[in-house]
Amino acid sequence: MQLSEQEIIRREKLNKLVEMGINAFPADEYVITDTTESIKQDFADNKQVKIAGRLMSRRIQGKASFAELQDSTGRIQVYFNRDEICTGEGKTLYNEVYKHLLDIGDIIGVEGELFTTQVGEKTVLVKNFTLLTKSLRPLPQAKTDENGVVHDAFNDPELRYRQRYVDLTVNPQIKEVFVKRTKLFNAMRTFFNDAGYFEVETPILQSIPGGAAARPFITHHNALDIPLYLRIANELYLKRLIVGGFDGVYEFSKNFRNEGMDRTHNPEFTAMEIYVAYKDYNWMMDFTEKLLEFCAIQVNGTTKATFGEYEVDFKAPYQRISMTDAILKFTGFDITGKTEQELFDFAKSIGIEVNETMGKGKIIDEIFGEKCEGNFIQPTFITDYPIEMSPLTKKHRSKEGLTERFELMVCGKEIANAYSELNDPIDQRERFEDQLKLSEKGDDEAGQFIDEDFLRALEYGMPPTSGLGIGMDRLIMFLTNNASIQEVLFFPQMRPEKAVPQIELGEDEKVILEILNSQEEPFTLAEVKERSQLSGKKWDKASKTLTKNNLVKVEKIDEVLLIKLA
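Each step along the sequence shown adds one to the number in numbering that gives the first Met the number 0, with nothing skipped, and position 134 is 133.
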């Protein structure tokens with residue numbers, strides 16, 4: 000493992016702590032009586048407190064030092080004074096351990112009493128501290144120059160998503176997104192439970208992937224010697240439970256689709272699906288409006304949410320428009336009764352990419368997606384989808400060729416999908432067979448299997464039922480004003496990390512690193528070159544090696560070249 004100069008120094012400090020008999024990774028429980036938040040809320044001078052957290056900054060001034068401690072609730076200033084900590088003759092705990100062997104990022108426990116500084120800052124006067132964890136890697140630290148410009152902020156998206164643990168530490172404000180995510184799940188559970196519906200779990204590994212049109216991930220079960228699929232949806236299992244006698248069931252499910260990735264799609268995502276017996280899609284629209292209004296208030300304290308340039312209001316009721324009317328409104332083309340060829344020709348005429356593998360449903364979906372979706376900013380129900388687009392949905396009770404289905408659109412994106420569920424096993428078999436034909440035609444998202452067990456369940460009889468699915472990741476994006484799904488997932492899927500190049504540092508490179516490591520602030524390039532006493536040729540070679548391997552970086556500020564550790 001190639002260590003940076005700072006990592007080497009931290010390990011040397013660890014060895015010194017061990018030599019002093021200090022365990023840098025103690026196993027003992029550290030009893031905490033307070034948090035930074037509780038201290039600020041119930042502050043009283045001279046009050047005794049005991050907190051723990053990460054050392055995030057410090058300003059050492061001889062025998063005294065102000066520092067910042069960060070725990071899960073925020074930051075607070077702490078004041079270290081040598082004579083308060085070391086009341087006897089020995090001053091090692093402050094002079095050696097605190098000043099020289101602790102680093103930014105170390106996790107410590109602090110006992111002390113509260114006081115207010117002359118400038119009004121609530122502060123902990125440290126009476127004793129305990130090292131709880133030695134940080135062996137330096138945290139990225141943002142610095143603000145005299146012009147208020149922030150440098151070295153940890154804001155590169157790929158690094159933030161890949162190292163979320165660092166992101167949460169140095170950008171603690173992003174924790175609020177994930178707090179709101181949990182509030183959303185809790186709000187939905189409360190709403191469903193109060194309505195009398197039952198939370199369940201269904202298989203993630205499935206012998207037949209069903210319930211949606213998507214390409215699955217495939218694995219193999221060695222003991223059974225059969226292929227298995229990560230679920231693309233949990234719909235068919237939840238309907239089996241309705242057949243079995245439950246009046247209402249719901250599940251928050253991890254689903255997996257082996258498809259493209261972009262700002263609104265991750266191959267692993269969370270969906271909520273709920274099925275309620277003796278209801279239809281009209282009832283479900285009313286239910287969905289009330290659900291999302293309730294959730295918005297629980298998450299943000301208001302029905303309104305800002306998303307990019309838009310203010311979205313989740314207060315019920317929502318606009319409703321059929322898919323046929325939406326396409327007619329935005330393209331002037333009436334899809335009613337059109338053949339597959341007519342739809343194909345129209346799509347091509349307005350610049351939509353279509354091909355021979357697409358059936359009527361896929362072509363209509365492309366037309367709607369390209370020409371209509373983006374126009375629906377406020378929550379809007381798109382209703383009555385063509386039958387070719389909805390293989391699990393009941394035929395419309397009065398409109399030929401359509402189904403009783405709706406999708407909820409917000410800011411041009413679908414966040415919910417619902418049906419009057421198809422419970423006719425003969426009709427369902429025919430729909431599955433139609434999907435199979437599309438698969439054989441080359442549509443790799445069409446259903447490639449007929450789930451005989453699900454059809455058998457329907458033959459025993461499923462009561463009239465309405466089902467609703469909501470993409471939880473996408474919904475929380477709207478409620479927290481995040482345009483990228485990666486921002487609302489703790490650990491989004493990433494490409495494999497590139498291996499760090501293994502390099503052998505020469506003496507010249509080590510000289511430069513030693514100078515840069517002697518202070519936290521950047522040096523001017525000229526100053527480091529002068530202090531290194533390297534010839535021009537040696538300097539050029541050593542500095543190029545360091546920058547090429549991302550060990551140091553050079554930047555220009557106000558016409559001055561600065562060099563610092565990367």
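Positions of the beta carbon are idealized from the N, C-alpha and C atoms, including for glycine.
Continuous alpha helix (DSSP H) stretch holding residue i: start and end
| i | result |
| --- | --- |
| residue 35 | 35-40 |
| residue 309 | Segment 309-312 is the beta strand (DSSP E) holding residue 309; no alpha helix (DSSP H) there. |
| residue 267 | That residue, residue 267, is in no alpha helix (DSSP H); its beta strand (DSSP E) goes 267-276. |
| residue 535 | 535-547 |
| residue 286 | 280-299 |
| residue 479 | 471-479 |
| residue 108 | From DSSP, residue 108 is part of no alpha helix (DSSP H) but of the beta strand (DSSP E) over 106-115. |
| residue 315 | No alpha helix (DSSP H) contains residue 315, which DSSP labels as neither H nor E. |
| residue 525 | 524-531 |
| residue 456 | 451-459 |
| residue 348 | 339-348 |
| residue 510 | 506-515 |
| residue 260 | Element bounds for residue 260: n/a, residue is neither H nor E. |
| residue 95 | Looking at the DSSP string, residue 95 is not in any alpha helix (DSSP H), and its letter there is neither H nor E. |
| residue 80 | Premise fails: residue 80 lies in the beta strand (DSSP E), 73-80, not in any alpha helix (DSSP H). |
| residue 322 | 322-330 |
| residue 9 | 4-18 |
| residue 362 | 359-370 |
For residue i, the first and last residue of its enclosing beta strand (DSSP E)
| i | result |
| --- | --- |
| residue 156 | Taken as a continuous stretch (DSSP letters only), residue 156 belongs to no beta strand (DSSP E), being part of the alpha helix (DSSP H) at 156-161. |
| residue 64 | 63-70 |
| residue 124 | 121-132 |
| residue 561 | 559-564 |
| residue 550 | No beta strand (DSSP E) holds residue 550; DSSP gives it neither H nor E. |
| residue 415 | 412-419 |
| residue 573 | Any answer about residue 573 is impossible in this case: the structure gives the chain only from 0 up to 565. |
| residue 305 | 303-306 |
| residue 54 | 47-60 |
| residue 406 | 404-409 |
Distance between beta carbons of residue j and residue i, contact taken as under 8 angstroms
| i | j | result |
| --- | --- | --- |
| residue 279 | residue 403 | 7 angstroms |
| residue 219 | residue 227 | 7 angstroms |
| residue 386 | residue 401 | 7 angstroms |
| residue 237 | residue 274 | 5 angstroms |
| residue 51 | residue 108 | 4 angstroms |
| residue 593 | residue 35 | No statement about residue 593 is possible, as the shown extent of the chain runs from 0 to 565 and does not include it. |
| residue 287 | residue 467 | 6 angstroms |
Cβ neighbours of residue i in the same chain (closer than 6 angstroms, five flanking residues each side left out)
| i | result |
| --- | --- |
| residue 210 | 232, 234 and 235 |
| residue 12 | 100 |
| residue 46 | 113 |
| residue 448 | 207 |
| residue 190 | 290 and 293 |
8 angstroms CB neighbourhood of residue i in its chain, flanking five on each side removed
| i | result |
| --- | --- |
| residue 365 | 346, 351, 352, 353 and 357 |
| residue 59 | 98 |
| residue 545 | 508, 511, 512 and 551 |
| residue 339 | 358, 359 and 362 |
| residue 277 | 246, 462, 463 and 464 |
Close beta carbons around residue i, own chain, < 7 angstroms, minus the five adjacent residues each side
| i | result |
| --- | --- |
| residue 559 | 523 |
| residue 253 | 203, 267 and 269 |
| residue 166 | 153, 159 and 173 |
| residue 83 | 124, 125 and 126 |
| residue 168 | 53 and 138 |
| residue 5 | 137, 516 and 564 |
| residue 395 | 383, 401, 402 and 403 |
| residue 3 | 550 |
| residue 567 | This structure cannot settle anything about residue 567, because the visible part of the chain is limited to 0 through 565. |
| residue 186 | 293, 294, 297 and 298 |
Any non-hydrogen atom of the ligand GTP closer than 7 angstroms to residue i Cβ
| i | result |
| --- | --- |
| residue 457 | Among the ligands in the structure shown, none appear at all, so the ligand GTP cannot be discussed. |
Inter-stretch contact (C-beta, 8 angstroms, three-pair minimum) for the region 109-127 and the region 33-53: Three or more beta-carbon pairs separated by less than 8 angstroms link the region 109-127 to the region 33-53, which places the two stretches in contact.
Any 3 or more C-beta pairs closer than 8 angstroms across the region 206-217 and the region 170-182: Pairwise C-beta distances place the region 206-217 out of contact with the region 170-182, as fewer than three of them are shorter than 8 angstroms.
Any alpha helix (DSSP H) of 4 or more consecutive residues that is wholly inside the region 187-258: 234-242
Validate contact between the region 285-298 and the region 308-323 using beta carbons, cut 8 angstroms, 3 pairs: Touching, per the Cβ criterion.
Three-pair Cβ contact test at 8 angstroms for the region 409-418 versus the region 358-377: yes
The region 428-438 in contact with the region 485-493 per 3-pair CB rule at 8 angstroms: no
Stretch pair the region 127-139 + the region 21-38: three plus CB contacts closer than 8 angstroms: yes
Inter-stretch contact at 8 angstroms, needing at least 3 Cβ pairs: the region 263-271 / the region 470-477: yes
Segment contact flag, the region 71-78 with the region 118-126, C-beta cutoff 8 angstroms, min 3 pairs: yes
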